[in-house]
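Asks:
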Amino acid sequence: MKTSKYLIVFFLTGALAFLNSCVEQDSPFPDFQDAVNMRIVVDPDFSTINKEDPASAKVVLDFFSENIEDVEKVDLHIDFLDFSEGTASDRSFLRTIDPSSFQDGVLRGVEITFDEIKNALGLDVADFDGLDQVTLYNTTTLKDGRVYPSVIEINNEVSVNNVTPNIQNSSATTSFTSQIVVFVQCPLPDGFATGKYMLEQLSGPPDPFFGNDYRWTPEEVTLTSAGPIQRTFTGKYLTFDQDFTFVVTCGILVVNRTDTGLSCGGPSLVFEQDGINEYTDDKEFTITLLDNVDGGCSQPVAEPLVLKLTKI
Numbered sequence: 597m598k599t600s601k602y603l604i605v606f607f608l609t610g611a612l613a614f615l616n617s618c619v620e621q622d623s624p625f626p627d628f629q630d631a632v633n634m635r636i637v638v639d640p641d642f643s644t645i646n647k648e649d650p651a652s653a654k655v656v657l658d659f660f661s662e663n664i665e666d667v668e669k670v671d672l673h674i675d676f677l678d679f680s681e682g683t684a685s686d687r688s689f690l691r692t693i694d695p696s697s698f699q700d701g702v703l704r705g706v707e708i709t710f711d712e713i714k715n716a717l718g719l720d721v722a723d724f725d726g727l728d729q730v731t732l733y734n735t736t737t738l739k740d741g742r743v744y745p746s747v748i749e750i751n752n753e754v755s756v757n758n759v760t761p762n763i764q765n766s767s768a769t770t771s772f773t774s775q776i777v778v779f780v781q782c783p784l785p786d787g788f789a790t791g792k793y794m795l796e797q798l799s800g801p802p803d804p805f806f807g808n809d810y811r812w813t814p815e816e817v818t819l820t821s822a823g824p825i826q827r828t829f830t831g832k833y834l835t836f837d838q839d840f841t842f843v844v845t846c847g848i849l850v851v852n853r854t855d856t857g858l859s860c861g862g863p864s865l866v867f868e869q870d871g872i873n874e875y876t877d878d879k880e881f882t883i884t885l886l887d888n889v890d891g892g893c894s895q896p897v898a899e900p901l902v903l904k905l906t907k908i
């Protein structure tokens, strides 16, 4: 028994010595480097471009950084998406933000005028229309030469972005804002497109489940404001309450892709806009949709459906 104990002690001592010999004295990992921290926030009072008053239109930005002393420069670039044409411009240089302008890591009230935006894009005032989109891109360079965001090539098959989605553009917790989206819009008069409206389904498929001639029940609904140009109402779709939100600005009505949450165990019933809808006032709105675009419940896919809202 004593011999067995000695053998166990000898084995453990040898194993520990072997493991110790496999550990490098120097750390196998390099020192960690601080990445960039550059958060950009848009002033909500100057977060859109007013098409009706381009002379005074501007975007106002606030910048925040916890390591501004490491920053060499902040470059802003810009591109333009024409909503009606569905075409995008090339990205152009807008301006450079000097880190020396920051105080205690903060730079407030950076104004970017509409003239500066259109000149950088090489466009005229007439080229901008409702729901066109201007995107500002942030490229921050550190004093050691590192650039954010940029793609790092690991090998021929693997590359990574040094600004990952979990740290960029994540609301109030973001540490790096990679881009800001600004829309062209026309301010709406007080009370525009709010109040009681009659909802009708002018054309489109019937209800395949409950035998009705319509999927949207003809009824009185109430439009309410969900933002400066957003409007919403609750109607009945396939007899179930369904929220419906759309945007109205500069004579254009837009409906985002909407998931009704109704399904038969597979894809949900989803509708989206079909084409572009225009309006002249808030007395009535015609909305063209494609219903069931994901093919839920074994029903036909992307069937045209037309709704009408008439002010009461």
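Every letter in the sequence shown is one number past the one before it in the working numbering, and letter 9, counting from 1, is 605. Beta carbons are placed, not taken as given, at the ideal position from N, Cα and C, and that holds for glycine.
#1: Among residues of its own chain, excluding the 5 on either side of P650, which ones have a beta-carbon nearer than 7 Å to its beta-carbon?
#2: Evaluate G726 with the Cβ neighbour count: other Cβ atoms within 10 Å of its Cβ, from every protein chain shown; 16 or more gives buried, anything less gives exposed.
#3: If you run the structure through DSSP and keep just helix, strand and coil, what is G892?
#4: Quick one: what does DSSP say F689 is sitting in, helix, strand or coil?
#5: Give the secondary structure of V721 by DSSP, where H, G and I count as helix, E and B as strand, and everything else as coil.
#6: Could you tell me which whole beta strand (DSSP E) segments of length 3 or greater appear in the region 797-835?
#7: Round the Cβ separation of I708 and K654 to the nearest angstrom and send it over; I've been treating them as touching at under 8 Å.
#8: Is I664 helix, strand or coil by DSSP?
#9: How many whole angstroms separate the CB atoms of R811 and D887, which I take to be in contact at a CB cut-off of 8 Å?
#10: Let me know the secondary structure DSSP gives P783 once reduced to three states.
#11: My guess is that Y793 and L905 are in contact by the Cβ rule of under 8 Å, so how many angstroms apart are they, rounded?
#12: Rounded to a whole number of angstroms, what is the C-alpha to C-alpha distance between V576 and G705?
#13: Nearest to F642 by CA position, among Q869, P824, E868, is which residue?
#14: Mapping the DSSP letters down to three states, classify Q764 as helix, strand or coil.
#15: Could you name each continuous beta strand (DSSP E) segment of 3 residues or more that falls completely within the region 697-746, going from the start of the chain to the end?
#16: Measuring CA to CA, which of D877, S799, L834 is closest to L903?
Replies: The answer reads as follows:
#1: F710, V721
#2: buried
#3: helix
#4: strand
#5: helix
#6: 815-821, 826-833
#7: 6 Å
#8: In the structure shown, I664 falls within a helical segment according to DSSP collapsed to helix, strand and coil.
#9: 7 Å
#10: coil
#11: About 4 Å separates the two Cβ atoms, so the contact holds.
#12: Here the chain covers residues 597 to 908 and nothing more, so residue 576 does not appear.
#13: P824
#14: Its pLDDT being 45, under 50, Q764 is placed unreliably by the model, and nothing is read from it.
#15: 702-709, 729-738
#16: The shortest C-alpha separation from L903 is found at S799.
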